[in-house]
Ligand code: UD1
Ligand code: MG
C-alpha cells in the first residue's frame with residue numbers, strides 16, 4: 475500500500491503462565507524460530523513502516539530478540555498488565571507521532587501473514603476508522619465475539635461479559651486491528667475498564683467508534699491463520715500448521731519428498747533445484763541446500779550449508795557451522811560441527827569432524843575422529859586436499875595433515891603430517907615392563923609404513 479505510513483504495535487507483555495515454562499511465551503519456537511519472529515516477519519516493513527513492541531517488565535530476553543530481528547523497532551515496557559488497551563498505550567509516544575495506519579497485533583499469533591495486514595489496511599484508505607480481523611471459530615469459547623448490525627461492526631463482547639445469545643456467535647476477534655492512525659490515540663484513551671475483569675479492553679474501541687458515528691468493519695480470515703498460542707498443546711498445533719505450509723511450499727518449489735509428512739523444515743530453509751529429501755529428516759534453522767543435493771533418511775541438520783550434488787546420510791548429523799562443497803559425501807553415523815569440507819571430500823562412515831577444514835577430494839576413513847577438545851579449549855584440525863586418512867584414526871588437534879598425505883589406519887596423530895607424507899603413529903598396548911609405548915613413522919610416499927594401507 476504505497477504512500478501510507480504505518481505504525482505496527484505488537485503486544486508481547488503477557489507472562490504466558492499456561493505454557494508452564496521459564497521462557498517468555500513469545501520466545502517459544504515454531505519451525506525453528508520464535509513466535510515473535512514469525513509475527514514481526516509478517517508486519518509491514520520498509521520506508522514509512524515503524525514498529526513498536528510492548529514487553530513485560532522482566533523480559534530482557536524478549537527485548538534482545540526484538541533487537542536481533544528488527545534493530546529499527548522501539549520497545550516499550552508495560553509495567554502492570556491492565557489489559558490490551560492499556561498495553562497499546564504503553565507505546566503512546568510512538569502513536570502520538572501519527573502514522574496514517576496504526577496496526578495492532580499479538581506476539582503469540584505466529585501464523586499471521588503479511589498479506590492479511592495489507593487486507594486490513596485497505597478499508598482505512600476508503601475512510602473506515604477501524605478494521606478488525608475476524609474468523610469463524612470451531613469453538614468460540616474464550617474469544618471476543620463480533621457483534622454486527624446490518625453491515626456495521628458495532629461492538630466486540632469479551633467472553634466474560636457476553637450474554638448466552640452473544641456466546642452463541644462464532645464470528646470472533648482474532649486480535650489484529652487496523653486503526654486510522656490520526657484518530658487512534660483519542661479513541662483508545664476513551665476506553666474504560668467497567669467490565670467483568672476490570673481491564674482496559676482494546677476491543678472496546680469498536681463501541682467508542684460507533685458512538686462517534688464513525689465506521690468499523692470486519693475482514694475475515696481462516697482460523698488457522700490466527701491461532702493464538704497459550705499452551706504447549708496449541709504450540710504443537712501451530713507447529714503442525716506451519717510444517718504443512720513449509721512442506722507445501724517446498725514441494726511447489728520442486729523439492730522431492732516421498733514422505734513429506736515425516737520431514738521437518740525450518741521457516742528459513744532454502745532449497746536449490748532438484749533437491750531430494752528422504753523420509754524422517756529434521757532440518758533446523760539456518761540451512762541452505764543447493765541444487766541436486768540428496769538428504770538421506772534420518773538425518774538431522776542445523777545451521778549448515780550443503781553444496782550442489784552433495785549427499786548426506788542416512789543417519790548423519792550436521793551441526794552449526796558445517797559447510798559442504800559440491801559433491802561432498804557424508805555417510806551414515808557421521809557428525810560434523812564448525813567444519814568446512816571442500817568439493818568432493820568424503821566422510822562415509824562413523825566419524826566426528828569438528829572444528830575442521832577438509833580440503834577438496836580428501837577421503838576420511840570410517841571411525842576417524844577429530845579430537846578437538848582437551849577439556850579446556852577447542853582446537854582446529856586441517857586436512858589438506860587429496861589427503862587419505864585411514865580408518866579408525868584419531869587426529870589430535872591442533873594438527874595439520876598436509877595435502878596428499880596418507881595416514882595409516884589406527885593412527886593417533888599428535889603432530890603435523892607434511893604434505894604427501896605417509897604417516898602411521900600408533901600406541902602399542904603394553905611393552906615388557908607393562909607401560910605403554912608409541913611408534914611413529916613418517917615416510918615419503920615411495921615407501922609405505924607397515925600397516926599403512
Ligand atoms: C484477546 C481479545 C479477544 C480476542 C483474543 C484473540 C481483548 C480484550 N480481547 O483476548 O477479543 O478474541 O485476544 O486471541 O483484547 N497483553 C499485554 N498486556 C496486557 C494484556 C494483554 O501485552 O495487559 C498481550 C498478551 O501478551 C497477548 C495479547 O495482548 O499477546 C492478548 O492478550 P490475552 O490476555 O491473550 O487476551 P485474550 O483474553 O486472549
Ligand atoms: Mg490470548
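Residue numbers (our numbering): 475 to 927.
The C-beta atom is built at its ideal place from N, Cα and C for all residues, glycine as well.
Who are the near neighbours of residue i in its chain, counting only those whose CB is closer than 6 Å to its CB and skipping five residues on each side?
i, result
"residue 523", "480"
"residue 511", "543"
"residue 643", "619"
"residue 756", "738 and 774"
"residue 872", "853 and 854"
"residue 587", "516"
"residue 867", "842, 881 and 885"
"residue 758", "506, 740 and 776"
How far does the beta strand (DSSP E) with residue i in it reach, from first residue to last?
i, result
"residue 586", "Neither: residue 586 is in no beta strand (DSSP E) and is coded neither H nor E."
"residue 626", "626–631"
"residue 622", "619–623"
"residue 809", "809–815"
"residue 798", "796–798"
"residue 665", "No beta strand (DSSP E) holds residue 665; DSSP gives it neither H nor E."
"residue 869", "868–870"
Over what stretch of residues does the alpha helix (DSSP H) that includes residue i continue unbroken?
i, result
"residue 514", "509–516"
"residue 716", "706–726"
"residue 954", "Look at the range of the chain in this structure, 475 to 927, and you will see that residue 954 is not part of it."
"residue 569", "566–569"
"residue 579", "Element bounds for residue 579: not the alpha helix (DSSP H) but the beta strand (DSSP E), 575–580."
Does residue i pass the burial test, meaning 16 or more other C-beta atoms within 10 Å, or should it be called exposed?
i, result
"residue 656", "exposed"
"residue 850", "exposed"
"residue 654", "buried"
"residue 531", "exposed"
"residue 686", "exposed"
"residue 735", "exposed"
"residue 540", "buried"
"residue 847", "exposed"
"residue 583", "buried"
"residue 600", "exposed"
"residue 497", "exposed"
"residue 678", "buried"
"residue 663", "exposed"
"residue 934", "Examination of residue 934 is not possible in this model, given that the chain is present from 475 through 927 alone."
"residue 683", "buried"
"residue 722", "exposed"
"residue 558", "buried"
Which same chain residues end up closer than 7 Å to residue i when comparing Cβ atoms and leaving out the 5 residues on each side of it in sequence?
i, result
"residue 544", "514 and 525"
"residue 593", "693"
"residue 807", "789, 823 and 824"
"residue 537", "529 and 549"
"residue 487", "528, 529, 530, 552, 555 and 561"
"residue 733", "753"
Can you tell me whether residue i is helix, strand or coil according to DSSP?
i, result
"residue 896", "strand"
"residue 914", "strand"
"residue 598", "helix"
"residue 732", "coil"
"residue 591", "helix"
"residue 559", "helix"
"residue 554", "coil"
"residue 638", "helix"
"residue 539", "helix"
Hey, out of the options, whose CA is closest to residue i's CA?
i, options, result
"residue 519", "491, 483 and 796", "483"
"residue 565", "556, 664 and 550", "550"
"residue 845", "815, 876, 822 and 809", "809"
"residue 703", "712, 777 and 506", "712"
"residue 767", "758, 759, 776 and 780", "780"
"residue 763", "521, 875 and 751", "751"
"residue 605", "793, 583 and 579", "579"
"residue 770", "783, 898 and 787", "787"
"residue 772", "688, 602, 754 and 803", "754"
Going by beta carbon distance, what residues of the same chain come within less than 8 Å of residue i, once the five residues before and after it are set aside?
i, result
"residue 617", "611, 633, 646 and 647"
"residue 860", "833, 834, 835, 836, 877 and 878"
"residue 870", "845, 886, 887 and 888"
"residue 892", "876, 879 and 916"
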